[in-house]
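Structure first, commentary second.
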Amino acid sequence: MDKSEMIAQLRKLRQRREDHARDIVSAHRVGVDEARQDVEMASQMLAEHMRRAIDEQNAAVSGLANRVVKAAELHLAQSRYEASFAKAGQIKARGETATLVQREREAGLAAARHRYLQSRKALMKLEKLADQLDKRAAVRRAAEAELLDEDRMPRANND
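Add 183 to a position in the sequence shown, counting from 1, and you land on the number used in the working numbering.
Right, dumping it as structure tokens:
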């Protein structure tokens, strides 16, 4: 196998690696986008829950105002408040988890991009080397053709 064939094979290999690295980057991008959507959804869920909880608490307090209240009614209102608070904590924890997942996926994306750039640089280096070899070979072929033409010319004059 001569140099040009070997470089062509290396170029194909590097091209496949670069394509694979590009595919990995794309997959990581999709993962990051999904994680961002999860964070946004958790944030919206928390905001919506807090709005409803405030409305419910205001309605409960308004219903208890200006009248005699039994202890059972106070306990019911308190248990509703505590349940709402616990649910808000769960939603907040889900949002924090989603944020951590997003950060991990962004770090994975950054690493994948780095590997892709390394693959791209290696491919560009091989392409540059192949171009240099092609240029040298073209010069050699031109010189060989010129020599062949010179060799043929004197024979034609001698005959």
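Glycine included, C-beta positions come from ideal geometry on N, C-alpha and C.
For residue i, three-class secondary structure by DSSP
{"i": "ALA339", "result": "For ALA339, the predicted structure reports a pLDDT of 49, less than 50, and the residue's modelled location is therefore unreliable. The matter cannot be settled from this model."}
{"i": "ALA191", "result": "helix"}
Limits of the alpha helix (DSSP H) - the one that residue i falls within
{"i": "LEU185", "result": "Sequence check: residue 185 is Asp here, not Leu. Unbroken run through ASP185: none, as it is neither H nor E."}
Residue i CB to nearest heavy atom of the ligand ADP below 7 Å
{"i": "LEU300", "result": "Summarising the ligand content, the structure contains no ligands, and the ligand ADP is consequently not present."}
Supposed contact pair residue j and residue i - C-beta distance, whole angstroms, cut 8 Å
{"i": "PHE285", "j": "VAL222", "result": "The question names Phe, but residue 285 is Gln in the sequence shown. Contact flag correct, Cβ pair sits at about 5 Å."}
{"i": "LEU229", "j": "ILE274", "result": "5 Å"}
{"i": "LEU316", "j": "LYS186", "result": "6 Å"}
Residue ranges of each alpha helix (DSSP H) within the segment 200-279, 4 or longer: none
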